[in-house]
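Worksheet for the structure shown next.
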């Protein structure tokens with residue numbers, strides 16, 4: 004484990020540090036992900052005329068955290084998410100393809 008490697012290479016007294024760093028990295032990632040999705044979804048929901056109690060940034064972030072992120076964090080294995088990872092990678096290739104098309108047709112040229 005990271006803790007055992009740290010204890011043998013650095014110091015046994017500070018072997019908690021890698022575990023804390025991994026936890027902090029995951030926690031900050033979840034918070035950032037929740038903030039980005041909360042901002043985007045609140046903008047998408049605002050034209051629907053919903054009250055801010057339902058479509059506001061904070062309520063959307065709390066709902067996303069409780070309904071989407073928390074169950075994902077509780078999974079023991081991420082293997083069921085592999086097909087969605089492939090889908091995410093394919094969508095990135097799709098986006099890059101259209102960026103290249105726009106680059107070569109001059110859409111990004113100055114002026």
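Numbering (the working numbering), first residue to last: 4 to 114.
Virtual Cβ for every residue (Gly too), placed ideally from N, Cα, C.
Taking 9 Å as the cut-off, the beta carbon of residue 71 is found no closer than this to the beta carbon of residue 41. Within 10 angstroms of the beta-carbon of residue 45 lie 16 or more other beta-carbons, which makes it buried. Counting along the chain, residue 65 sits inside the alpha helix (DSSP H) bounded by residues 60-67. Taking a contact as a CB-CB distance under 8 Å, the pair residue 58 and residue 48 counts as one, their CB atoms being some 4 Å apart.
Nearest to residue 69 by C-alpha distance, out of 80, 37, 84, is 37. In chain order, 37, 40, 41, 44 place their CB closer than 8 Å to the CB of residue 67, counting only its own chain and leaving out the 5 sequence neighbours on each side.
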